[in-house]
Amino acid sequence: MALLAIDTATPTLALAVSDDDGHVLAAFASRIPKMHATYAHPLMDEMLAVLSLEPQDIRGVIVGVGPGSYTGVRIGVTFAKVFAYALDIPIIGESSLAAAAFALRTHCGVVAVMWDARRKSVYSAVYRVQYGTFQEVLAEGKREIAAFMTSLAQVVQKDEAIYLVGDVAKAIYEQYASTFLLHPLIVADETASVYAEHLLALGYPELCTKMQSREVGDHGKDAHVLVPRYLQLAEAEARWLEKRRGSTGNESE
Amino acid sequence: MRWSERMKQRYEEHLRNGGPTEILAIESSCDETAAAVVRDGRVIISSVVASQMSSHERFGGVVPEVASRAHVEQISLVVDEALQKADRTLSELQAIAVTSGPGLIGALFVGVTAAKTLAQVAGLPIIDVHHLAGHMYAAALSDGVEPPFIALIVSGGHTELLQVNAGGEIIRLGKTRDDAAGEVFDKIARALELGYPGGPLIQQLASQGDPEYFDFPQAKLGDHSFDFSFSGLKSAVLLHLDRAKKSSQPLRKADIAASFQRAVVAALIAKTREALLQTGLDTLVVAGGVAANLALRDAAKSLCEELGIRLAVPDFWLCTDNAAMIGAAAYMRYKQRKLADLTLTGRAEFSIDQW
Ligand SMILES: [Zn+2]
Numbered sequence: 034m035a036l037l038a039i040d041t042a043t044p045t046l047a048l049a050v051s052d053d054d055g056h057v058l059a060a061f062a063s064r065i066p067k068m069h070a071t072y073a074h075p076l077m078d079e080m081l082a083v084l085s086l087e088p089q090d091i092r093g094v095i096v097g098v099g100p101g102s103y104t105g106v107r108i109g110v111t112f113a114k115v116f117a118y119a120l121d122i123p124i125i126g127e128s129s130l131a132a133a134a135f136a137l138r139t140h141c142g143v144v145a146v147m148w149d150a151r152r153k154s155v156y157s158a159v160y161r162v163q164y165g166t167f168q169e170v171l172a173e174g175k176r177e178i179a180a181f182m183t184s185l186a187q188v189v190q191k192d193e194a195i196y197l198v199g200d201v202a203k204a205i206y207e208q209y210a211s212t213f214l215l216h217p218l219i220v221a222d223e224t225a226s227v228y229a230e231h232l233l234a235l236g237y238p239e240l241c242t243k244m245q246s247r248e249v250g251d252h253g254k255d256a257h258v259l260v261p262r263y264l265q266l267a268e269a270e271a272r273w274l275e276k277r278r279g280s281t282g283n284e285s286e
Numbered sequence: 005m006r007w008s009e010r011m012k013q014r015y016e017e018h019l020r021n022g023g024p025t026e027i028l029a030i031e032s033s034c035d036e037t038a039a040a041v042v043r044d045g046r047v048i049i050s051s052v053v054a055s056q057m058s059s060h061e062r063f064g065g066v067v068p069e070v071a072s073r074a075h076v077e078q079i080s081l082v083v084d085e086a087l088q089k090a091d092r093t094l095s096e097l098q099a100i101a102v103t104s105g106p107g108l109i110g111a112l113f114v115g116v117t118a119a120k121t122l123a124q125v126a127g128l129p130i131i132d133v134h135h136l137a138g139h140m141y142a143a144a145l146s147d148g149v150e151p152p153f154i155a156l157i158v159s160g161g162h163t164e165l166l167q168v169n170a171g172g173e174i175i176r177l178g179k180t181r182d183d184a185a186g187e188v189f190d191k192i193a194r195a196l197e198l199g200y201p202g203g204p205l206i207q208q209l210a211s212q213g214d215p216e217y218f219d220f221p222q223a224k225l226g227d228h229s230f231d232f233s234f235s236g237l238k239s240a241v242l243l244h245l246d247r248a249k250k251s252s253q254p255l256r257k258a259d260i261a262a263s264f265q266r267a268v269v270a271a272l273i274a275k276t277r278e279a280l281l282q283t284g285l286d287t288l289v290v291a292g293g294v295a296a297n298l299a300l301r302d303a304a305k306s307l308c309e310e311l312g313i314r315l316a317v318p319d320f321w322l323c324t325d326n327a328a329m330i331g332a333a334a335y336m337r338y339k340q341r342k343l344a345d346l347t348l349t350g351r352a353e354f355s356i357d358q359w
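Top to bottom, those sequences are chains A and B. Following this note's numbering, the numbering of the first sequence begins with 34 at its first residue and continues without gaps. Following this note's numbering, the numbering of the second sequence begins with 5 at its first residue and continues without gaps.
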């Protein structure tokens, strides 16, 4: 019996399989952007074959629901929800940002995750890690870089180390090093990446709770409502709402 | 055991032992999330279409990102409903078929990913279906037609004239060089301020107009080409509208719609007639969203009566995007051992003669 974790929200395609206790049996990551749709299934097939497992041996799924690349995240979410539906097993979605930060959970300080969201903005969140404990201190959001730095300055405590994680970490380090002179400021990862073993570790407690609390046969239904966390409206939709707000505003005048 | 081994065992066993072939098909290339179970390429056991029409209507056209998001929300529900209505479980089926292109790439990824996952879990073969081949084989569901035939496929994104040989091999005789016929319907409908989608609205208005009132031009594309062109016709209608609006004359909207529709149909039928005469084939299939247009159906009927050949047109509800047509198209491939594998991916551009 085994558990599956998958994340495709970043340029890294990440898959992991663990045993029922959450011990990783196999983990895979590749950084070939835009190939997630092609390779997620063959790699999964390979991984299960190496472990002498069948898809039917998987008892629960953890999927990274973004934020990240819209197209990318949809591949992992579709994969995971259809997988869970077809096998009638529980599924949970976890923040891809949190999963990236979870890699540093045995450190001590705050982890600021920031992935390029274009136009000087980032998908971002801040977590506090203390030798294994993990706590969100700034909820995930799409923010302008400057605003994110202001928020980061507000949540960080005196002398606390700041770990920068993400594809804009280096650039931000260079620009903001002087702002955080009183803190150890460390670029911990310069890529936007999620590794599925971290996603698995992050989601494991919640998945276990869910597996134990539900009647068998009810599980597959959760898959239907699982959707990516885009953190923003589709552009056309945002413009349409804007226009409508404008026109109803005029009407009420 | 790897998927390929599990799949091959089942597949070979089924080909050896015979029995009905029931395929679960998925279609997500544009703005419909659809799934269906089809038996032997002919019988629809279930067909479910979740239309996003109402979410795109306000934008005056399909917005790719909005479509992709809706597909993710709908996909497992639609598959589940198709299986429930068919009263089948995955393991009772013989294959999973899916549209891999052409279409909106983000939308295609959702369907293809879902199909590969279902196939992987259940150890079933995957069959890759070209969207236009799906439209064409919709006629098999309504009429039982089998190749060889000439197929005229007309939709919002495509206008193609195909020769389909007895084994299913497709030779593209002609295509549109600019706008697709359905696209021109949409554009003219917008210019006439009718709304979206344009096809049914133009048809409705045209029924009250005189198709001979205006003589809009038809493209002449050299002597032997089977290609279509609608941009000249579109420009002529738009120019006429422009002038009419500036003058004080009343706008003869119904006559414009009727005359425009006649010109499109005449262009489509002229090339189709040539193709039938040249190949000597005795069956015509007219398919795609625009095949729901009554003027086109009537003209195709007259043509086939005149030439003494058979006409196969899908039922109205099978002309627009659905998954049953994908299941119908997949059947021949299943029999011919043309299977895809787990690396199958979406293709925004996908020429039908590459299928
Ligand atoms: Zn179509």
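Ideal Cβ placement from N, Cα and C applies to all residues, glycine included. This structure is a prediction, so every number in the text was calculated from the model and none was measured.
Considering just the uninterrupted stretch of the beta strand (DSSP E) at residue 67(A), what are its terminal residues?
Segment: none, residue 67(A) is in no beta strand (DSSP E) and carries neither H nor E.
Near-chain B residues of the region 55 to 76 of chain A (beta-carbon distance less than 8 Å), N- to C-terminal order:
70, 71, 72, 73, 74, 75
Hey, could you find the ends of the beta strand (DSSP E) residue 196(A) is sitting in?
195 to 198
Please decide whether residue 257(A) counts as near chain B, where near means a Cβ-Cβ distance under 8 Å.
yes
Hey, is the region 262 to 269 of chain B in contact with the region 128 to 135 of chain B, meaning 3+ C-beta pairs nearer than 8 Å?
no
How would you list, in chain order, the residues of chain B whose beta-carbon sits under 9 Å from the beta-carbon of residue 107(A)?
72, 73, 75, 76, 110, 113, 114, 117
Name the chain B residues whose beta carbon is nearer than 7 Å to that of residue 46(A)?
Within chain B, no residue comes near residue 46(A); the closest Cβ sits about 12 Å away, beyond 7 Å.
State the CB to CB distance for the pair residue 84(A) and residue 145(A), rounded to an integer number of angstroms; the pair is presumed to be in contact (CB under 8 Å).
The Cβ separation is near 36 Å, so there is no contact.
Would you identify the three-state DSSP class for residue 89(A), choosing helix, strand or coil?
helix
Close-in-space but distant-in-sequence residues of the same chain around residue 373(B) (CB under 8 Å, 5 per side omitted)
This structure gives no information on residue 373(B), because the portion of chain B shown stretches from 5 to 359.
Does DSSP put residue 34(A) in a helix, a strand or coil?
coil
Taking the Cβ atom as the reference point for each residue, do residue 79(B) and residue 52(B) lie within a distance shorter than 8 Å?
no
Is residue 175(B) helix, strand or coil when you go by DSSP?
strand
Any Cβ of chain B within less than 8 Å of the Cβ of residue 286(A)?
In this prediction, residue 286(A) has a pLDDT of 30, which is less than 50 and means its spatial position is unreliable; what the coordinates show is noted afterwards. For residue 286(A), the answer is no, since every Cβ of chain B falls outside 8 Å of its Cβ.
Out of 86(A), 63(A), 272(A), 258(A), which one is the CA nearest neighbour of residue 124(B)?
86(A)
Enumerate in chain order the residues of its own chain whose CB-to-CB distance from residue 217(A) is below 6 Å, with the five nearest sequence positions on each side excluded.
194
Meets three-Cβ-pair contact criterion under 8 Å: the region 93 to 106 of chain B and the region 305 to 321 of chain B
no
Hey, how far is the Cα of residue 56(B) from the Cα of residue 76(B)?
12 Å
Is there a Cβ of chain A sitting closer than 8 Å to that of residue 1(B), yes or no?
Since the first residue shown for chain B is 5 and the last is 359, residue 1(B) is missing from the structure and cannot be characterised.
Residues with a Cβ closer than 5 Å to any heavy atom of ligand 1, in chain order?
159(B), 325(B)
Among all the DSSP beta bridges, which residues are the ones paired with residue 156(B)?
165(B), 290(B)
Could you work out which residue in 170(A), 112(A), 242(A) is closest to residue 130(A) when comparing CA atoms only?
170(A)
Cβ neighbours of residue 149(B) in the same chain (closer than 7 Å, five flanking residues each side left out)
143, 287, 289, 316
Contact defined as beta carbons within less than 8 Å: I believe residue 187(B) pairs with residue 176(B). What is the distance between those atoms, to the nearest angstrom?
Actually they do not touch by this definition, with Cβ atoms about 19 Å apart.
May I have the straight-line CA-CA distance separating residue 123(A) from residue 43(B), to the nearest angstrom?
32 Å
Going by CA-CA distance only, name the one from 254(A), 262(A), 266(A), 260(A) that's closest to residue 93(A).
254(A)
To the nearest angstrom, how far is the alpha carbon of residue 275(B) from that of residue 184(B)?
15 Å
Looking at the structure shown, is residue 355(B) part of a helix, part of a strand, or coil, going by DSSP?
coil
Sort 50(B), 191(B), 280(B) by Cα distance to residue 88(B) and report the nearest one.
50(B)
Just confirm the distance between the C-beta atoms of residue 175(A) and residue 238(A), as a whole number of angstroms; I'd bet it's less than 8 Å.
In fact, because the Cβ distance is near 27 Å, the residues do not count as touching under 8 Å.
Beta-carbon neighbours of residue 120(A), restricted to chain B and to distances below 8 Å
125
Looking at the secondary structure, which residues open and close the alpha helix (DSSP H) in which residue 8(B) lies?
7 to 21
Which residues in chain B sit within 9 Å of residue 103(A), going by Cβ to Cβ distance?
69, 72, 73, 110
Just to confirm my understanding: we take residue 284(A), look at its own chain, exclude 5 residues before and 5 after, and list those with CB closer than 7 Å. What are they?
Note that residue 284(A) has pLDDT 37, beneath the 50 cutoff, so the model's placement of it is unreliable and no number is given.
Write down every uninterrupted run of the alpha helix (DSSP H) in the region 194 to 246 of chain B whose length is 4 residues or greater and which is fully enclosed by it, in chain order.
202 to 210
Measure the alpha-carbon distance for residue 160(A) versus residue 167(A) and round it to whole angstroms.
7 Å
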